[in-house]
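Input: a single structure, listed below in structure tokens.
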Amino acid sequence: MPWTPETEMDIRVDVRLRLGLIAQEVLHAEPSGLQEARRLVIQIERWLRENRAGILTSVHDHFGRRGLRSHALSVACLMMNFAHHAGHDREYVLEMGLAGLFHDIGKLTIPDEILDKPGRLDAAQAEVMRGHAESGGQILERWGLASPMMIAVCRHHHERLDGSGYPGGLIAKDIAEPVRIATICDVYDALISSRSYKQAWSSAMALDEMRRTRGNFDPDLLAVFAQSLEPATL
Numbered sequence: 083m084p085w086t087p088e089t090e091m092d093i094r095v096d097v098r099l100r101l102g103l104i105a106q107e108v109l110h111a112e113p114s115g116l117q118e119a120r121r122l123v124i125q126i127e128r129w130l131r132e133n134r135a136g137i138l139t140s141v142h143d144h145f146g147r148r149g150l151r152s153h154a155l156s157v158a159c160l161m162m163n164f165a166h167h168a169g170h171d172r173e174y175v176l177e178m179g180l181a182g183l184f185h186d187i188g189k190l191t192i193p194d195e196i197l198d199k200p201g202r203l204d205a206a207q208a209e210v211m212r213g214h215a216e217s218g219g220q221i222l223e224r225w226g227l228a229s230p231m232m233i234a235v236c237r238h239h240h241e242r243l244d245g246s247g248y249p250g251g252l253i254a255k256d257i258a259e260p261v262r263i264a265t266i267c268d269v270y271d272a273l274i275s276s277r278s279y280k281q282a283w284s285s286a287m288a289l290d291e292m293r294r295t296r297g298n299f300d301p302d303l304l305a306v307f308a309q310s311l312e313p314a315t316l
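Just add 82 to the spot in the sequence shown (first one is 1) and you have the numbering used here.
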């Protein structure tokens, strides 16, 4: 099914269902999870090739348990689009897509009352939420089929170049480039998506804020990321 304004909602519903099934297969260490995830990123690659502007400007939506799957799709699309724009080969593009799909799988371990809370989290809840990064890395390691890139992106996409991130407090030299890209894509999608406590920002607002936030993002990769969105910026 091609990605068009008419098919977009049906595709998103279908992808959410597929991601839910894939996540359960990963949690139960089923090898079929990787096969299904790879089929999905190949599909995403085709959508990006056929209607890049359409998918990049319409893929972002929702929050909470339902939005977890939409966010995974968005981050996968953004990471694949970045990799393609940067001139990487097809296998790297697909692996970036897989890393994006699984980057937040640890949130499946977060209680609904925290993940779906209609408002900002208190300190204790925020600490539980922060645990999703390490939990996700452990889930992928137990599965045994995730690549080192997928595990690193899952575990470390909340690290910051200045060492203020989590779970490891890594500094710039210890954060691999795919993880730095995932961090950019993750935050960008969160900013331009609706949340229970905020309205969606425009692409320009999100990029301006990210450029101002020194120490969080690799400035060179952020510049390439911004270029990769043109002319599909919101």
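Note that the Cβ used here is the ideal one computed from N, Cα and C, for glycine as well.
Keep in mind that this is a model prediction, so the values were computed, not measured.
Task: Burial state of Val189, where buried means 16 or more other Cβ atoms lie within 10 Å - done: Here the sequence assigns Lys to residue 189, which means Val is not the residue at that position. By the 16-neighbour rule on beta-carbons within 10 angstroms, Lys189 is buried.
Open item on the list: Here's the rule: buried if 16 or more other CB atoms are within 10 angstroms of the residue's CB, otherwise exposed. What is Ala228?
Closed with: buried
TODO: Could you check if Ala205 is buried or exposed, using at least 16 other CB atoms within 10 Å of its CB as the buried criterion?
DONE: exposed
Open item on the list: Checking 8 Å against the spacing of the C-beta atoms, do His240 and Gly251 come in under that value?
Closed with: no
Open item on the list: If contact is defined by three or more beta carbon pairs under 8 Å, each pair taking one atom from either stretch, is the segment 207-222 in contact with the segment 161-176?
Closed with: no
Open item on the list: So, with DSSP's three-state summary, where would you put Ile221?
Closed with: Three-state DSSP puts Ile221 in a helix.
Task: Rounded separation between Leu155 and Val141 - CA only - done: 8 Å
- [ ] Can you have a look at Thr86 and say buried or exposed, based on whether 16 or more other CB atoms are within 10 angstroms of its CB?
- [x] exposed
Task: Own chain, CB closer than 8 Å to His167, minus 5 neighbours either side, in chain order - done: Val306, Gln309, Ser310
Open item on the list: Alpha carbons only, please: which of Glu90, Gly169, Asp96 is nearest the one belonging to Gly136?
Closed with: With distances taken between CA atoms, Gly136 lies nearest to Glu90 out of Glu90, Gly169, Asp96.
TODO: Would you kindly report the start and end of the unbroken alpha helix (DSSP H) that includes Arg121?
DONE: 114-140
Open item on the list: For the alpha helix (DSSP H) containing Leu252, name the first residue and the last one.
Closed with: For Leu252, no alpha helix (DSSP H) segment is defined, and its DSSP state is neither H nor E.
- [ ] Could you tell me the distance, in whole angstroms, from the CA atom of Ile104 to the CA atom of Asp256?
- [x] Cα-Cα distance, rounded: 30 Å.
Open item on the list: Considering just the uninterrupted stretch of the alpha helix (DSSP H) at Tyr237, what are its terminal residues?
Closed with: Sequence inspection shows Arg at residue 237; the Tyr mentioned does not correspond to that position. 230-238 is the extent of the alpha helix (DSSP H) around Arg237.
Open item on the list: Taking its Cβ as the centre, do 16 or more other Cβ atoms sit within 10 Å of Gly149, making it buried, or is it exposed?
Closed with: The predicted position of Gly149 is uncertain, since its pLDDT is 48 and thus under 50; a value taken from the coordinates is nonetheless stated next. Counting Cβ neighbours within 10 Å, Gly149 comes out buried, since at least 16 surround it.
Open item on the list: Here's the rule I'm using: 16 or more other beta-carbon atoms within 10 Å means buried, otherwise exposed. How should Asp268 be labelled?
Closed with: The residue is buried, with at least 16 neighbouring Cβ atoms inside 10 Å.
TODO: Would you tell me roughly how many angstroms separate the C-alpha atoms of Met292 and Arg94, rounded to the nearest one?
DONE: 27 Å
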